[in-house]
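K.L.:
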Amino acid sequence: MTILRSLTKILSIFLFITLSTSIGNQVNAQDGKALFSQNCASCHAVNKKLTGPALAGVEDRWPEKKNLYAWIKNSAAFLKTGDAYANNLYNEYNKTAMNSFPSLSDADIDAILAYIKTVPAPGAAPAGGAAGAAAPAEDDSDSTLVFGILTLILAVVSLILLQVNSNLKKLSDDKSGIPAVEPVPFYRNKAYIAFIAIILFIAGGYMTTVGAMNLGRSKDYQPEQPIYYSHKVHAGVNQINCQYCHIGTYQGKQATLPSVNVCMNCHMAINEYKGEPLVRENGDVVDGTAEIKKLYKYAGYTEGQPWDASKAQPIEWVRIHNLPDHVYFNHAQHVNAGQVACQECHGEIQKMGEVKQQNDLSMGWCVNCHRQTKVQFKDNGFYSIYEKFHADIKSGKIDSTKGITVEKIGGTECQKCHY
Amino acid sequence: MNKFLAITFLTAVVVLTSCSDVKRKPGSIYMPDMAYSRAYESYDDHSKLKEKGIHYDARPVAGTIARGKEMPFPYAQDAAGDTTNYTLSKTVPNPIDSLSVVDAKEAERLYLINCGICHGAKLDGNGPLYKDGNGPYAAKPAALVGDAKYENMPDGQMFYSVAYGKNLMGSYASQLSKRQRWMVIKYIKNKQAVAKASK
Numbered sequence: 030m031t032i033l034r035s036l037t038k039i040l041s042i043f044l045f046i047t048l049s050t051s052i053g054n055q056v057n058a059q060d061g062k063a064l065f066s067q068n069c070a071s072c073h074a075v076n077k078k079l080t081g082p083a084l085a086g087v088e089d090r091w092p093e094k095k096n097l098y099a100w101i102k103n104s105a106a107f108l109k110t111g112d113a114y115a116n117n118l119y120n121e122y123n124k125t126a127m128n129s130f131p132s133l134s135d136a137d138i139d140a141i142l143a144y145i146k147t148v149p150a151p152g153a154a155p156a157g158g159a160a161g162a163a164a165p166a167e168d169d170s171d172s173t174l175v176f177g178i179l180t181l182i183l184a185v186v187s188l189i190l191l192q193v194n195s196n197l198k199k200l201s202d203d204k205s206g207i208p209a210v211e212p213v214p215f216y217r218n219k220a221y222i223a224f225i226a227i228i229l230f231i232a233g234g235y236m237t238t239v240g241a242m243n244l245g246r247s248k249d250y251q252p253e254q255p256i257y258y259s260h261k262v263h264a265g266v267n268q269i270n271c272q273y274c275h276i277g278t279y280q281g282k283q284a285t286l287p288s289v290n291v292c293m294n295c296h297m298a299i300n301e302y303k304g305e306p307l308v309r310e311n312g313d314v315v316d317g318t319a320e321i322k323k324l325y326k327y328a329g330y331t332e333g334q335p336w337d338a339s340k341a342q343p344i345e346w347v348r349i350h351n352l353p354d355h356v357y358f359n360h361a362q363h364v365n366a367g368q369v370a371c372q373e374c375h376g377e378i379q380k381m382g383e384v385k386q387q388n389d390l391s392m393g394w395c396v397n398c399h400r401q402t403k404v405q406f407k408d409n410g411f412y413s414i415y416e417k418f419h420a421d422i423k424s425g426k427i428d429s430t431k432g433i434t435v436e437k438i439g440g441t442e443c444q445k446c447h448y
Numbered sequence: 316m317n318k319f320l321a322i323t324f325l326t327a328v329v330v331l332t333s334c335s336d337v338k339r340k341p342g343s344i345y346m347p348d349m350a351y352s353r354a355y356e357s358y359d360d361h362s363k364l365k366e367k368g369i370h371y372d373a374r375p376v377a378g379t380i381a382r383g384k385e386m387p388f389p390y391a392q393d394a395a396g397d398t399t400n401y402t403l404s405k406t407v408p409n410p411i412d413s414l415s416v417v418d419a420k421e422a423e424r425l426y427l428i429n430c431g432i433c434h435g436a437k438l439d440g441n442g443p444l445y446k447d448g449n450g451p452y453a454a455k456p457a458a459l460v461g462d463a464k465y466e467n468m469p470d471g472q473m474f475y476s477v478a479y480g481k482n483l484m485g486s487y488a489s490q491l492s493k494r495q496r497w498m499v500i501k502y503i504k505n506k507q508a509v510a511k512a513s514k
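So the sequence lines, in the order shown, correspond to chains R and G. Under our numbering, think of the first position of the first sequence as 30, with each following residue one higher. Under our numbering, think of the first position of the second sequence as 316, with each following residue one higher.
#1: Using DSSP with H/G/I as helix, E/B as strand and the rest coil, what is Met-484(G)?
#2: Please list the segments of the alpha helix (DSSP H) lying wholly inside the region 106-140 of chain R, counting only runs of 4 or more residues, in order along the chain.
#3: Checking 7 Å against the spacing of the C-beta atoms, do Ala-375(R) and Val-369(R) come in under that value?
#4: Label Pro-155(R) either buried or exposed according to how many other C-beta atoms from any shown protein chain fall within 10 Å of its C-beta, with 16 as the threshold for buried.
#5: Just grab the DSSP bridge partners of Tyr-250(R) for me.
#6: Taking only three categories from DSSP, how would you classify Gln-495(G)?
#7: Would you report the Cα separation of Gly-61(R) and Ala-150(R), rounded to the nearest angstrom?
#8: Whole angstroms is fine: what's the gap from Asp-372(G)'s alpha carbon to His-296(R)'s?
#9: Shorter than 7 Å from the beta carbon of Lys-455(G) to some beta carbon of chain R?
#10: Could you tell me the boundaries of the alpha helix (DSSP H) in which Tyr-327(R) lies?
#11: Compare the beta carbon distance of Gln-251(R) and Val-347(R) with 7 Å and say whether it is the shorter of the two.
#12: State the Cα-Cα distance for the pair Arg-424(G) and Ser-513(G), rounded to the nearest angstrom.
#13: Residues of chain G with CB closer than 7 Å to the CB of Ile-414(R), please, in chain order.
#14: Rounded C-beta distance between Lys-420(G) and Gly-440(G)? I'm assuming under 8 Å.
#15: Return the chain-ordered list of same chain residues with a C-beta closer than 7 Å to the C-beta of Phe-65(R), the five sequence neighbours on each side being excluded.
#16: Is the distance from the Cβ of Pro-408(G) to the Cβ of Trp-497(G) below 7 Å?
#17: Within this structure, are the beta carbons of Phe-418(R) and Ile-433(R) separated by less than 7 Å?
#18: Roughly how many whole angstroms lie between the Cα atoms of Lys-464(G) and Tyr-358(G)?
#19: What's the call for Asn-294(R), buried or exposed, on a 16-neighbour Cβ count within 10 Å?
#20: Quick one: what does DSSP say Val-308(R) is sitting in, helix, strand or coil?
#21: Give, in chain order, every residue of the region 82-99 of chain R whose Cβ lies closer than 9 Å to some Cβ of chain G.
#22: Of the choices His-73(R), Ser-134(R), Val-314(R), whose alpha-carbon is the least far from that of Ala-83(R)?
#23: List the residues of chain G whose Cβ lies closer than 7 Å to the Cβ of Ile-299(R), in chain order.
#24: Tell me the DSSP secondary structure of Thr-278(R) in three-state form.
#25: Go ahead and label Ile-227(R) buried or exposed: buried means 16 or more other beta carbons lie within 10 angstroms of its beta carbon, across all protein chains shown.
#26: With 16 as the cutoff for other CB atoms within 10 Å, does Asp-470(G) come out buried or exposed?
#27: So what's Lys-403(R) in DSSP terms, helix, strand or just coil?
#28: Count the other CB atoms, across all protein chains shown, that sit within 10 Å of the CB of Thr-398(G); report buried if there are 16 or more and exposed otherwise.
#29: Using alpha carbons as the reference points, say which of Lys-340(G), Lys-384(G), Arg-353(G), Ala-453(G) lies closest to Glu-301(R).
#30: Pull the bridge partners of Val-314(R) from the DSSP assignment, please.
#31: Around the Cβ of Phe-230(R), are there at least 16 other Cβ atoms within 10 angstroms (buried) or fewer (exposed)?
#32: Quick one: any contact between the region 317-325 of chain R and the region 273-281 of chain R, if contact means 3 or more CB pairs under 8 Å?
#33: Just to confirm my understanding: we take Glu-310(R), look at its own chain, exclude 5 residues before and 5 after, and list those with CB closer than 8 Å. What are they?
#34: Residue range of the alpha helix (DSSP H) that Val-289(R) falls in?
#35: In whole angstroms, what separates the C-alpha of Ala-478(G) from that of Val-239(R)?
#36: Residues of chain G with CB closer than 8 Å to the CB of Lys-77(R), please, in chain order.
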């Protein structure tokens, strides 16, 4: 009995010790995570090179723990000791100075190092179930094809039925002794010819008119761009504001496309694509990481080196929305003064993989909107000069619920849009 | 009869299948001189104007300042490995003493568009791209509110970092004018003061 009791005692003590040390380790690593995130994460990641090296396995690279403490507390001072490894590293990182952390104790640094060890290597973590999550929606081109084939079959069936009908008539005529008239082939049948002529006339006329109206218009235009740059990834999933890139919309006529340095603001740190699979309109799968490498080529950027912006080449994006020269369109007038959302004119850009022109940009489209849209008269300094309208709204002459449309302030006068 | 049927069927199939619904070419045009301008438009290649005998330079004349604009920043960007100008920039004061109500709103708008995506709407260095290290942007943006280092950072040094970039943060000189940059920094300083006062 006593033996058993002492055995359990020993066991429980043993358990207690192992448990407490492992918990202690965990607390240590957790502290380390906070310290790392607060002090180091702006320059270091565990498995990825940022401003400084990836820190995984760093303890193996620094055999002397003492030196590692000294380096982290004050790297500039440590460099002066002439340590070869540290100086090589410093030169390799283009003499980027690491901050000094005099307030970190050895224990703090141990905590950080413990945390670094707990982070799994990139391949080890199970990949999220992104694959297969986004089964492409049923294509509507398929349904048009189905409808077309159905109509065709119906047409063939009705033709056959007509033929059967006339054959039956002939048979019954034969039986009742009516002399068979030499049948007129259908291509010489006057009724047939007239019918087909009318159909051709209507269809031809319709197609010519539509074609003529669409001359110079490019609704649904969706060109292939030099880089597969997805608005869905940037403006949709990652919520980047349109005006981060299209700076001009608030101040000027042109929306402006971002130059390479704007892309590089983020892509110096984001060098691979890990999001949902990307698919082109025709079904081809796009490798996002390879597209980012294309961006690096334009930017003249080699990963791991500091970026020299003067080496960048412009990316020649294909222009999509383009009004003829005789029309004046100003973005600031609509986005800033008029407070019209981008999506009203460009559609749901934040859901598009490749940009597509949503509207035909015809004169009718502009004018219709100007007839229907109310200007934001209230609290908008831009319209304070329309004193009469303000007075009329106050005195009730103009129904304030109906408000002032763009047309009322002259938005349908020719010279506002045509030079 | 059979021949006729076969021909209609074939043409229908060809017409139906050749109509891809992805439109890779722009519409046709009957007055191309207006659609594709002969004048220089904003996205034309402007690189060889000189060779074509066009003498146009959009940059201001060296040494001049437009009326009503801010003075240029007195320090140039440091060479790699040097921090002299970065340190010197601490002495440059913010030309904007305080933001009017309208300017404060505008500064907030600019901050949310240009900086919030990384530094967070709350300025805590935890914007949607970083998300505690789970977002796609791997480097932790500075916690502009809540980190004493940045709360004590003078306006001028912040301006240096926003204008020239700092390590992985790029330059915002092409997106924000000088005045807008100072406005955003004033906005950050105001937020820091509020956070400090409520502590």
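We put the CB at the ideal spot given by N, CA and C, even for glycine.
P.N.:
Looking at the coordinates:
#1: In the structure shown, the three-state DSSP call for Met-484(G) is strand.
#2: Entirely contained in the region 106-140 of chain R, the alpha helix (DSSP H) runs reaching 4 residues are, in chain order, 113-121.
#3: With the sequence shown as reference, residue 375(R) is identified as His, and Ala is not the correct amino acid for it. Taking the C-beta atoms as reference points, Val-369(R) is found no nearer than 7 Å to His-375(R).
#4: For Pro-155(R), the predicted model reports a pLDDT of 41, less than 50, meaning its position is unreliable; a value from the coordinates is still stated below. Around the beta-carbon of Pro-155(R), fewer than 16 other beta-carbon atoms lie within 10 Å, marking it exposed.
#5: Per DSSP, the beta bridge partners of Tyr-250(R) are Lys-338(G).
#6: Looking at Gln-495(G) - three-state DSSP - the assignment turns out to be helix.
#7: Between Gly-61(R) and Ala-150(R), the alpha-carbon positions lie close to 18 Å from each other.
#8: About 30 Å.
#9: With 7 Å as the cut-off, Lys-455(G) counts as an interface residue toward chain R.
#10: Note, Tyr-327(R): alpha helix (DSSP H), 317-328.
#11: Using a Cβ distance threshold of 7 Å, Gln-251(R) and Val-347(R) do not count as a contacting pair.
#12: In a straight line, the C-alpha of Arg-424(G) is about 23 Å away from that of Ser-513(G).
#13: The contacting residues do not exist; Ile-414(R) stays about 18 Å from chain G at best.
#14: The pair is not a contact, with the Cβ atoms about 23 Å apart (cut-off 8 Å).
#15: Once the five neighbours on either side are set aside, the close Cβ partners of Phe-65(R) are Ile-141, Tyr-144.
#16: Pro-408(G) is not a Cβ neighbour of Trp-497(G), given a cutoff of 7 Å.
#17: Annotated as proximal: Phe-418(R) and Ile-433(R), with beta-carbon spacing under 7 Å.
#18: If I take the Cα positions, the gap works out to 42 Å.
#19: Taking every protein chain shown into account, the CB of Asn-294(R) has 16 or more other CB atoms within 10 angstroms, so this residue is buried.
#20: DSSP places Val-308(R) in the strand class (E or B) of the three-state scheme.
#21: Residues of the region 82-99 of chain R with a C-beta atom less than 9 Å from some C-beta of chain G do not occur.
#22: Of the candidates His-73(R), Ser-134(R), Val-314(R), the one whose C-alpha sits nearest the C-alpha of Ala-83(R) is His-73(R).
#23: Pro-451, Tyr-452, listed in chain order.
#24: Of the three classes helix, strand and coil, the one that applies to Thr-278(R) here is helix, per DSSP.
#25: When all chains shown are included, Ile-227(R) counts as exposed.
#26: Flag for Asp-470(G) reads buried.
#27: Strand at Lys-403(R).
#28: In summary, Thr-398(G) is exposed, with fewer than 16 beta-carbon neighbours lying within 10 Å of its beta-carbon over all protein chains present.
#29: Considering only alpha carbons, the answer is Ala-453(G).
#30: Val-314(R) pairs with Val-308(R).
#31: Under this definition Phe-230(R) is an exposed residue.
#32: In this structure the region 317-325 of chain R does not lie against the region 273-281 of chain R, because fewer than three pairs of beta carbons, one per stretch, are closer than 8 Å.
#33: Closer than 8 Å at Cβ, skipping near neighbours: Gln-251, Gly-382, Glu-383.
#34: Per DSSP, Val-289(R) is one residue of the alpha helix (DSSP H) stretching across 289-296.
#35: Rounded to the nearest whole angstrom, the CA to CA distance from Ala-478(G) to Val-239(R) is 52 Å.
#36: Per Cβ cutoff of 8 Å: Ala-453.
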